[in-house]
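Here is the structure we will look at.
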Amino acid sequence: MSILELLDYTGVAVFAATGALSASRKQLDLIGFLFLAAATGIGGGTFRDVVLGATPVFWVVNPTYLIVCLAAALVVFVGAHRIESRYRLLLWLDAMGMSAYCVMGAAKGFVATGSPTVAITTGVLTASFGGILRDLLANEPSVLLRPEIYITAALIGAAAFTAATVAGVPLPAASAIGAGVAFAVRGGALLFAWRFPVYKPRPGRHPDDVM
Amino acid sequence: MSILELLDYTGVAVFAATGALSASRKQLDLIGFLFLAAATGIGGGTFRDVVLGATPVFWVVNPTYLIVCLAAALVVFVGAHRIESRYRLLLWLDAMGMSAYCVMGAAKGFVATGSPTVAITTGVLTASFGGILRDLLANEPSVLLRPEIYITAALIGAAAFTAATVAGVPLPAASAIGAGVAFAVRGGALLFAWRFPVYKPRPGRHPDDVM
Amino acid sequence: MSILELLDYTGVAVFAATGALSASRKQLDLIGFLFLAAATGIGGGTFRDVVLGATPVFWVVNPTYLIVCLAAALVVFVGAHRIESRYRLLLWLDAMGMSAYCVMGAAKGFVATGSPTVAITTGVLTASFGGILRDLLANEPSVLLRPEIYITAALIGAAAFTAATVAGVPLPAASAIGAGVAFAVRGGALLFAWRFPVYKPRPGRHPDDVM
Numbered sequence: 001m002s003i004l005e006l007l008d009y010t011g012v013a014v015f016a017a018t019g020a021l022s023a024s025r026k027q028l029d030l031i032g033f034l035f036l037a038a039a040t041g042i043g044g045g046t047f048r049d050v051v052l053g054a055t056p057v058f059w060v061v062n063p064t065y066l067i068v069c070l071a072a073a074l075v076v077f078v079g080a081h082r083i084e085s086r087y088r089l090l091l092w093l094d095a096m097g098m099s100a101y102c103v104m105g106a107a108k109g110f111v112a113t114g115s116p117t118v119a120i121t122t123g124v125l126t127a128s129f130g131g132i133l134r135d136l137l138a139n140e141p142s143v144l145l146r147p148e149i150y151i152t153a154a155l156i157g158a159a160a161f162t163a164a165t166v167a168g169v170p171l172p173a174a175s176a177i178g179a180g181v182a183f184a185v186r187g188g189a190l191l192f193a194w195r196f197p198v199y200k201p202r203p204g205r206h207p208d209d210v211m
Numbered sequence: 001m002s003i004l005e006l007l008d009y010t011g012v013a014v015f016a017a018t019g020a021l022s023a024s025r026k027q028l029d030l031i032g033f034l035f036l037a038a039a040t041g042i043g044g045g046t047f048r049d050v051v052l053g054a055t056p057v058f059w060v061v062n063p064t065y066l067i068v069c070l071a072a073a074l075v076v077f078v079g080a081h082r083i084e085s086r087y088r089l090l091l092w093l094d095a096m097g098m099s100a101y102c103v104m105g106a107a108k109g110f111v112a113t114g115s116p117t118v119a120i121t122t123g124v125l126t127a128s129f130g131g132i133l134r135d136l137l138a139n140e141p142s143v144l145l146r147p148e149i150y151i152t153a154a155l156i157g158a159a160a161f162t163a164a165t166v167a168g169v170p171l172p173a174a175s176a177i178g179a180g181v182a183f184a185v186r187g188g189a190l191l192f193a194w195r196f197p198v199y200k201p202r203p204g205r206h207p208d209d210v211m
Numbered sequence: 001m002s003i004l005e006l007l008d009y010t011g012v013a014v015f016a017a018t019g020a021l022s023a024s025r026k027q028l029d030l031i032g033f034l035f036l037a038a039a040t041g042i043g044g045g046t047f048r049d050v051v052l053g054a055t056p057v058f059w060v061v062n063p064t065y066l067i068v069c070l071a072a073a074l075v076v077f078v079g080a081h082r083i084e085s086r087y088r089l090l091l092w093l094d095a096m097g098m099s100a101y102c103v104m105g106a107a108k109g110f111v112a113t114g115s116p117t118v119a120i121t122t123g124v125l126t127a128s129f130g131g132i133l134r135d136l137l138a139n140e141p142s143v144l145l146r147p148e149i150y151i152t153a154a155l156i157g158a159a160a161f162t163a164a165t166v167a168g169v170p171l172p173a174a175s176a177i178g179a180g181v182a183f184a185v186r187g188g189a190l191l192f193a194w195r196f197p198v199y200k201p202r203p204g205r206h207p208d209d210v211m
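In the order they appear, the protein sequences are chains A, B and C. The numbering used here numbers the first residue of the first sequence as 1 and each following residue consecutively. The numbering used here numbers the first residue of the second sequence as 1 and each following residue consecutively. The numbering used here numbers the first residue of the third sequence as 1 and each following residue consecutively.
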């Protein structure tokens, strides 16, 4: 198995584990663990493949990804109390998965279209859609609405990978650059609680307006 | 029309009716009924076809499915008070639809890939995604988060169908087995309020953790 | 650039702006603005292309649509207080976008399938899915659940365009008819607070029933 595949399966497993942890917080039964684990683990890549027209999607072509999600869900179902007591560790593993995913998504998008804009978009989607889907399905506050630097880290990592690729840097080096940048940004956010400037109401704004 | 087609249209109609009933609980106008009916009736099959790459999806190829959803929505809009007074009947019809759907989804997934894992996954998705979408759009507690044996019944039925097919059982018999098992499990859950063991917090777990 | 393309980009930009305004109400950071702007601006067309099998989807083929969403998000992030003080204007621009979108969605669906039913469905989806996705992701009351004549206007416009097309009216005229009807219905709803009859509970209905 290549390093990239190993990273890929690791990313799926870690994302799936975060989905199963949501199920544990909601005290669901095993099927709920499986469902949320799969949605989180393969949701982003599924969305990426669908918009790129790369169907059947990756987990239909290679069901091993489903087995990985299943295994992650079972591990969490049996031992969630242990994993959650290692919550920080999971956050860091999740950061690793995100870093690998924003690069893989960007790479697949760039190969398919040659467009940097599309590559960055598919990179961000692949890294973030699974978590957004998890929060939607589990009815938890969406990662999209929390003032955390997570999707931003995926964006910066995907942009770094794409810029390096466009500049002619070979794939392995560009991947290392993109994943490294994404992990550094996310890691800094975890260590130092970095925040991005948020929109501040100004005179003339009507917060009660409903679109 | 073959038995399978008849079952198929019945499944779509019943699922669509449950979507329209959500619209009636939310006291929406007719378009809300149509929208939720269609989302619930064809959502699962749409997701199945998209991930399998079987596009255009089934209701684009055969718009009769849309007409069926439209008709179901109109019937509920005009007579929801009657249908809801037959709520138990609807639950049993929904169980029939789910039983047929987990088999059809599994059959389509198995034919497309030959993978039992994919077949079971597409079976569960086809049977459950429409209802999950309905609850998301109607902002109601998701079937995924309720301690009901519903998705589990679809999983068991899809697994039974797939196992029988792999074992060489001809399609009609395998379909009857899968649908029968799914219906028996769901029916038992409705009659005897069966529940699956849910995740129980243990020492060391931090319920306040937010992923 | 043709009139149709211009309308198309305008529609994307206006829908994207409504997504960014949701982000401003949630006081998100810039990435939240970009994400909600893109989801709202291109969500409907993405869904349309996916169910029709027209993949890679339009914004993968032509990333300019992503640039337009990005620009709209930046404009709102910098000047939301100005835009929101022009809330009515935005509602009318949104009505224009919806009018153009229900026609484009219906046209694409009709060309792909020749089915009026599919054409009307893809018209409604293209015009409404982006807004539904925006409200789901931003955790705001869904346009689907509000008693507003919005999706209904898209349905009527798509139906008018399709009827005209079936009747042999050439594309430009049919488009003008469809968009005009949709805009008139939505405009009337904005000006006179038109409402459609909603479902009213009747004796025998059990509002506590949970599907």
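Where is the CB? At the ideal position from N, CA and C, for every residue including glycine. Note that this is a predicted model, so its numbers are computed, not measured.
Alpha carbon to alpha carbon, how far is residue j from residue i? Give it in angstroms, no decimals.
| i | j | result |
| --- | --- | --- |
| A:L125 | A:G44 | 6 Å |
| C:R48 | A:P63 | 27 Å |
| C:V181 | C:Y150 | 12 Å |
| C:T55 | A:V50 | 8 Å |
| A:S115 | C:L66 | 11 Å |
| B:L89 | A:R146 | 43 Å |
| B:L30 | C:S24 | 32 Å |
| B:L74 | B:R82 | 13 Å |
| B:A167 | B:K108 | 17 Å |
| C:A72 | C:A17 | 5 Å |
| B:G188 | B:G123 | 20 Å |
| A:G79 | A:Q27 | 13 Å |
| A:G97 | A:T10 | 7 Å |
| A:I42 | B:T46 | 18 Å |
| C:V61 | C:D8 | 15 Å |
| B:V57 | A:W59 | 19 Å |
| C:V169 | B:C69 | 29 Å |
| A:P141 | A:R195 | 18 Å |
| C:L6 | A:L93 | 45 Å |
| A:F110 | C:G130 | 25 Å |
| A:A193 | B:A193 | 46 Å |
Give a yes or no on whether the C-beta atoms belonging to residue i and residue j are separated by under 7 Å.
| i | j | result |
| --- | --- | --- |
| A:A13 | A:A37 | no |
| B:F33 | B:F77 | yes |
| C:A95 | C:I120 | no |
| C:I132 | C:L144 | yes |
| A:A153 | A:S128 | no |
| C:A223 | C:F161 | Residue 223 of chain C lies beyond the stretch modelled for chain C, which goes from 1 to 211, so this question has no answer here. |
| C:L190 | C:L91 | yes |
| A:V118 | A:A179 | no |
| C:L171 | C:A112 | no |
| C:A164 | C:A174 | yes |
| B:R134 | B:T40 | yes |
| C:A184 | C:S22 | no |
Any beta carbon from chain A within less than 7 Å of residue i's own beta carbon?
| i | result |
| --- | --- |
| C:K26 | yes |
| B:V12 | no |
Counting only C-beta atoms, is residue i closer than 7 Å to chain C at any point?
| i | result |
| --- | --- |
| A:I177 | no |
| B:I120 | no |
| B:I31 | yes |
Would a check of beta-carbon distances place residue i closer than 7 Å to chain B?
| i | result |
| --- | --- |
| C:A80 | no |
- prompt: What beta strand (DSSP E) runs, 3 residues minimum, are completely inside the region 130-164 of chain B?
  reply: none
field: the region 34-60 of chain C: positions lying closer than 7 Å to chain A by Cβ
entry: F35, T46, V50, T55, P56, V57, V60
query: When you check each C-beta in the region 62-75 of chain B against every C-beta of chain C, which residues fall closer than 8 Å?
result: Per Cβ criterion, the list reads P63, L66, I67.
field: Any beta strand (DSSP E) of 3 or more consecutive residues that is wholly inside the region 22-97 of chain B
entry: Restricting attention to beta strand (DSSP E) runs no shorter than 3 residues, the region 22-97 of chain B encloses none.
Within 9 Å of chain A by C-beta, residues of the region 134-149 of chain C in sequence order: Those would be R134, D135, L136, L137, A138, N139, E140, P141, V143, R146, in chain order.
message: So if I threshold CB-CB distances at 8 Å, which residues from the region 150-172 of chain C count as touching chain B?
response: I151, T152, L155
- prompt: Which residues, in chain order, does the region 85-116 of chain B contribute to contact with chain A at a C-beta distance below 9 Å?
  reply: G109, A112, T113, S115, P116
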